[in-house]
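Asks:
Chains as they are written, first to last, in the working numbering: chain L, 813 to 1284; chain F, 813 to 1284; chain E, 813 to 1284; chain D, 813 to 1284.
1. Over the uninterrupted alpha helix (DSSP H) stretch that includes residue 903 of chain E, give me the two end residues.
2. Could you work out which residue in L/1282, L/1220, L/1276 and L/825 is closest to residue 1265 of chain F when comparing CA atoms only?
3. As an exercise, report each continuous alpha helix (DSSP H) stretch of at least 4 residues that is fully enclosed by the segment 1138-1211 of chain D, in chain order.
4. Buried or exposed: which applies to residue 859 of chain L, given that a residue is buried once 16 or more other Cβ atoms fall within 10 Å of its Cβ?
5. State buried or exposed for residue 925 of chain L, treating a residue as buried only when at least 16 other CB atoms are found within 10 Å of its CB.
6. Excluding sequence positions up to five away, which residues of its chain have a Cβ less than 6 Å from the Cβ of residue 1028 of chain L?
7. Return yes when the Cβ of residue 1095 of chain L is within less than 7 Å of the Cβ of residue 1240 of chain L, no when it is not.
8. Using alpha carbons as the reference points, say which of D/1032, D/838, D/1159 and D/1147 lies closest to residue 1135 of chain D.
9. Between the segment 897-917 of chain F and the segment 870-878 of chain F, do at least 3 Cβ pairs fall closer than 8 Å?
10. So which of L/841, L/899, L/836 and L/952 has the shortest CA-CA distance to residue 1288 of chain D?
11. Thinking C-alpha only, which one of D/823, D/1242 and D/1234 is nearest residue 1036 of chain L?
12. Does the segment 846-857 of chain L come within contact of the segment 877-891 of chain L, defined as at least 3 CB pairs closer than 8 Å?
13. Considering only DSSP beta bridges, list what residue 950 of chain D is partnered with.
14. Tell me the start and end of each unbroken alpha helix (DSSP H) in the segment 846-907 of chain D that is at least 4 residues and wholly inside, in chain order.
15. What's the gap between the Cα of residue 945 of chain L and the Cα of residue 1052 of chain L?
16. Please say whether residue 1069 of chain E and residue 984 of chain E have beta carbons closer to each other than 7 Å?
17. For a contact meaning CB atoms closer than 8 Å, what does residue 791 of chain D contact in chain E?
18. Please identify, using Cβ separations under 7 Å, the residues of the segment 1188-1213 of chain E that lie next to chain D, in order along the chain.
19. So residue 1241 of chain D contacts chain L; which residues on that side make the cut at Cβ distance below 8 Å?
20. Check whether chain E comes within 7 Å of residue 1263 of chain D, counting only Cβ atoms and requiring the distance to be less than that.
21. Take the Cβ of residue 1039 of chain D as the centre, count every other Cβ of all protein chains shown within 10 Å, and call the residue buried at 16 or more, exposed below.
22. Is there contact here, the segment 1161-1171 of chain D with the segment 1105-1124 of chain D, by at least three beta-carbon pairs under 8 Å?
23. Kindly identify the DSSP beta-bridge partner or partners of residue 1017 of chain L.
24. Distance check for residue 1164 of chain E and residue 1132 of chain E, CA to CA, integer angstroms please.
25. Could you pull out every residue in the same chain whose Cβ sits closer than 7 Å to the Cβ of residue 1141 of chain F, ignoring the five residues on either side in sequence?
26. Using only CA atoms, which one of D/822, D/1082, D/1002 and D/1066 lies nearest to residue 1201 of chain L?
27. Which one or two residues does DSSP pair with residue 1052 of chain L in a beta bridge?
28. For the segment 1115-1129 of chain L against the segment 1253-1270 of chain F, are there 3 or more C-beta pairs whose distance is under 8 Å?
29. Just to confirm the assignment, what range does the alpha helix (DSSP H) spanning residue 1027 of chain D have?
30. Would you list the one or two residues that DSSP bridges to residue 1070 of chain F?
31. Can you list the residues of chain L that residue 1034 of chain D reaches, using a CB-CB cut of under 7 Å?
32. Using alpha carbons as the reference points, say which of E/896, E/1061, E/1041 and E/918 lies closest to residue 990 of chain E.
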């Protein structure tokens, strides 16, 4: 592939070897390894509903409750294996499922033939076993203005020109996860739009190295350590990129929505319903690793992990809450007439609120158990740990538990730092959308007037109790 | 039926007419009404897996995820209709499903024929459309002693004698819900037991008025109001009773476990897994009524309910969390070889912890929105409200919102008092077992060593990290 | 005194003997007992700053940090002695201190002589050792309308007529605590007012039995039990009344603010600053009793109280947080030029938010430790407990811990019911004003722009960062 | 001073110029600047109780409530100025005050003359205006073993030899804050000790560059950025060091406790009482900066900061709770006979529990308001921001609010990253001791038996309710 990814002003020639992207590529590779590992193969592969062939699960259509529950299980497992987010095994997967349903509606109502195009692309992706990142979030510009009011039109990715053979897109998608490990990028609109903003209504797929696309990786806490030797950072990572589209051409066959602005709301609705149901599994999986790290740290400190049972239980409760509530959202969902599962929005958005809060408590508990050494990474560097002059003294200082080496204690402390204060923090607050947005959906899905009627009947109230008129 | 229920030292001649039990009977009756109401009939009836006949759902076997989700939905609906717990539509239902699975195991392993007996009884219950309370909790006695060590053997219900035609049981079951509205009482062991305590290992079913059984209803907050005229209490209620068994004879056909102590653990395990999954729907349903009551109160105070949107959303989040996590526990459950569904214990017990905390917050939010008048029932009595001398002044004081009468505001305040501080509080803390017990189950179901291995691999730690040896 | 208090449509002839008021009078009497008890005398008495005589502390001016801290300590102690609120030892006390400062300002700025009048009254109150309830909260009417817009003018207490020798007041004060045990009632405006509402701007003091005043006590959870024999309710209580003023004459010497609406804001400001600082001690004191009750219940259940150490510690943390933050508000306060202490508003209102939330958690923890018997008062009545026929069986059922009688367990369960779900719940949410109001004060007292400047300097930002202009 | 500080295996020649320490030195320097700034001078200077001369406040004895409140105010102000912890203006200050009291007790009881030595040193420190770091925490070794049982004696700093002219100390103090900016280091024992561990009982003061002392700075989140150009890190910092003592000689005059193990408990008790009272001001000050940063970020995003009023209020509540509760602990404290203030331990330790939890919530709220760009530092680096090729596009992507530049938005995002996930996180969990330790102190200071007596009296229980006997 063409080199088009930059970080720290430097072009990354080979994503599989460069320190800024190598770990992310390897993290994603564990998903492919799992597909060939007897322990995980059932979870990581499935049969294509189109071709009947065995495919990677993250390229599949989710056509039943069992299918979507396996999405959640796969993500939790990926966190177990990597400790963090593998964006290119996740967003694109959900995107194609959601579009499968929406193109069905569009074709039916508008007479378009988007679904056939999408099917062709999915078949190709299944056959090749592609990793597909998803790009929704635009740079956005001024949050108080609509897209068409933005002084800088490139603040949102938009259609610059529609040609007979395809479209020209330009603008900026921001904070896109896993691109460095992706073969392709599935583009969805970042919001619902009105008529005047319809140029932003675009869904399509592009190769990661498509001409006109420049990718700049963001810097994250302690990411310099990725350039170092030693154990100050674990051998796994996450990337988040800004995608700069400068008149990128997308051929017709890869365009699945083009200015049909009235369908963006549907895309957002379906996408968030599934995504926010499944994201509970992600934070649960990372929380599981935090339980393991905290218990290991207790032992490395010389204490039994059972000393901290109450806190470990609290951590589990947090993990299982987001996991189980997500599963509940799936189970209360339903199959779309087009054939792909849509989770229940009320439960899914309720879950998002927990996903934006409980992991913070789990991190706090992890630091609480681990002690000062892990709380703020309060530990000399690998270089100091191995310094020929005073390194032995540092190791003496770090050694604690009888059965564990100084290095084990140091590595565990660094893992906890990375999980709670470092590049392993995957952005549960705003990733997949902000909790404030979720609360709006919750409000819209709460039938207050119906609940008032229940209360009225139980209280024996017969007069109507309307909302007071607004004062003028 | 024989009169054997007492309260305040008085024998209740007719449970359908006496103020202490009338409301509970009527609450349960709403379940029967619903079975004949086109809006609710699908939820409140189903087809018997034994006879193929249409039956009340709360007499059915739950043989699929859909079946058990309908259990949760039915309970949430019952709370919508009554504002509180209808114990006799719930515990007995779960009890017979759980025993269906356990008698299957017993028959297979011990060569008993319990399941056939149970089937006969269930068929009868389905045919007659019985309401069946369930009785698990024993009086217990000294919590630090095992049953066989109790100075007072009647602290637990136990088998006094096994005869050829049946058994003689005696002892005390406490805090049993809905008995006054029940036809029969399904008895399960209250805990797991060891060999020496095997007399407490008994499962059977008795008529509510079986000879030798005396029932004493407990007194609950503000229950005197049930004896009054007026609106200081809504027209719905809950009952909780002490069951005093003095050598009650249970014929063989109604005995489903008799001293096989080693199966009590299974009963508790299956029972709590389902019960704690479903109880999330109960507290959600009551929370829905609290949302309705709070919104109504805001209006009765003269304010738009939207003023309190943030708090109403928080209430919804609490409700949907326990509901949805319960559904998640069901969806991660599985069918027992005998044919009845068992929910996932880890998620179910996690849910119990939330059931023991979130409703307290929902109540607090309800009082927060409602204002001082509802917080502590700070409102003159119905008698004062209608006093010929100063009643008009009291009504003037209570009248607030332009569109609502003083009576509506008073009734709403009393409903909120009842829901948050009164007899409508159904005991979400210890009902269905205590959260501390749930936490033990959570701990047992958390694979800490497995999580440590994930953490080790990510941190690059190769040495084993065992728990330190215990000091002697 | 004239009989003018009613409950359940009945005139209470003697407040010291009638079951509806007797316990409240006795609760307040414990404050007088304490003044003569060597253990408590230093706290419950002090020296008058006016006369130099020894007086009851709750009639004193608070002229130093030590003085106001003793206010908090006295309240916490009163809760230790009674388990609940003794309103007539508290609100009137604060009212006179606050008015001392405000009359000083008024006299200085308006040339009035209110302070001299107030001093005379205080001297009399100190000499006679009066208990003085305070009345701020009006019935209010429609919460979306200002006083002068209310369809019912009596929704707020207001000046009907100003005469040369005094004023005529009418209207309704609601939810006034401790009146039954009070000699006098100190009236303050319930809010700040504008010119058009100036008739509501009135501060004065009246005898509890002043002609034209009718008092109706509200009904509270389980208050019927006050009319019964036995131990289903403890021997202490709280009262909250509606005060119906129908053209009550107040002589000049007892009027301290009369239509000077622009000073109402000051009164509210000073009153809430002190009140919300001190109320932390009240809920702490009740929380202490809950700790005692929970620990006692654990033992009565047969368990060591240390089993619940983590929960008991959490309860203490809640108690000490509201107590200590209140003390912090006092310590950051200052002496008013008139001589009476004013606590810091930002910390006092922050405390109010905790006072409206933490006691709910303390109650939950208390129920958690105590078990099902106390959670919802799930226990047969005293009548059933002593029933000649089955009472022995009930007592057998209730007896648990080896060292404690069935009666002790029952009494403890009833105490916890009363504290957490009964008439002992003193209204920490809206009592002394609602938390939403407190949050507004907090916002007003947070110097956001100053904090932005700190952030700017640390981030090295030099351009101004103004609030965006409002769209039109 | 002698160069004896290392980081990344490199000797730091000049702490005022080296990137690893420069910012910390400058942060501390702001305390000296403030002493000469008319706005702050009253807070940052005071009069010596020994010499009557004007001195820096952080070298003073705290002899009154006002004095110790000024300690809290000074710390909150330092956080306003630097955004983080200035350890050398804080721990040493408290250490000398605490030892002033303890040496008084020792001299009185043991006939030693430690206080006179201490006074001489304090006079010198006041005269020279020294910054003094404090070192309590030892490396500790195996947490399940006492000091004398440690396989590695250097795990704790200990007395190797007592000579006539002084002592020889060796061992390791870990995670010591602000050493790089300190002139001297005040050493206190890290725990209470028994006879067999008395070599660890040592209090003394050494110059930062004393022979035999090697200092290794720890690495903290994103500390590499301190070596870079640009705005990816603000111009302020914190340091935390491991102090390796290899037979360091301390002359008699600088030794204030030498093997008198029975006084270590007192030191810990007094030290934590003051420290945990004051630390509430530290986290409040950092929380204030987070409020400023969040409000600024909202504007930089194009939104009014008032959009987030509810969250900003919650942040203020967190800040004022730890600040105000700390003040409460001070106000309930008392003057020691030796003349230095001791805060109330129960309130101080309660505060520590909040200090270990509330800042995590404040950080979460800060990230919640700020959006994804700040949550995980999801922003390209300064190098990419200014890249000649695509830098303009990145700036276009980052620019949002109409009135704010892209650079302001980027700088604010980096500030929030630093405050919530970076080197500005000062370790509120275990800094100054862990919350679990605080909870033990809380338990010891809760008079449970007294609270039981209150509960008993209110419930009318006359029999004793003892703790059950332990089973054998």
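We put the beta carbon where it would ideally sit given N, CA and C, even for glycine.
Replies: With the structure as the only source:
1. First-last of the alpha helix (DSSP H) with residue 903 of chain E: 903-922.
2. L/1220
3. 1157-1167, 1170-1182, 1184-1187, 1194-1197 and 1203-1210
4. exposed
5. exposed
6. Same-chain partners within the cutoff: 818 and 1054.
7. yes
8. Put simply, of D/1032, D/838, D/1159 and D/1147 the residue whose alpha carbon is nearest the alpha carbon of residue 1135 of chain D is D/1159.
9. yes
10. Residue 1288 of chain D lies beyond the stretch modelled for chain D, which goes from 813 to 1284, so this question has no answer here.
11. Per the Cα distances, D/1234.
12. Contact holds: three or more Cβ-Cβ distances are below 8 Å.
13. D/985
14. 853-856 and 877-894
15. In a straight line, the C-alpha of residue 945 of chain L is about 11 Å away from that of residue 1052 of chain L.
16. no
17. In this structure chain D extends from 813 to 1284, so residue 791 of chain D is not present and cannot be described.
18. 1213
19. 1176, 1179, 1180, 1184 and 1187
20. It does; some Cβ of chain E falls within 7 Å.
21. exposed
22. no
23. According to DSSP, residue 1017 of chain L bridges with L/998.
24. 14 Å
25. 1089, 1155, 1156, 1159, 1160 and 1163
26. Ranking the options by Cα distance to residue 1201 of chain L, first place goes to D/822.
27. L/989
28. yes
29. Careful: residue 1027 of chain D lies outside any alpha helix (DSSP H), inside the beta strand (DSSP E) at 1025-1029.
30. F/1014
31. 1033 and 1034
32. Checked all of E/896, E/1061, E/1041 and E/918; the closest Cα to residue 990 of chain E is E/896.
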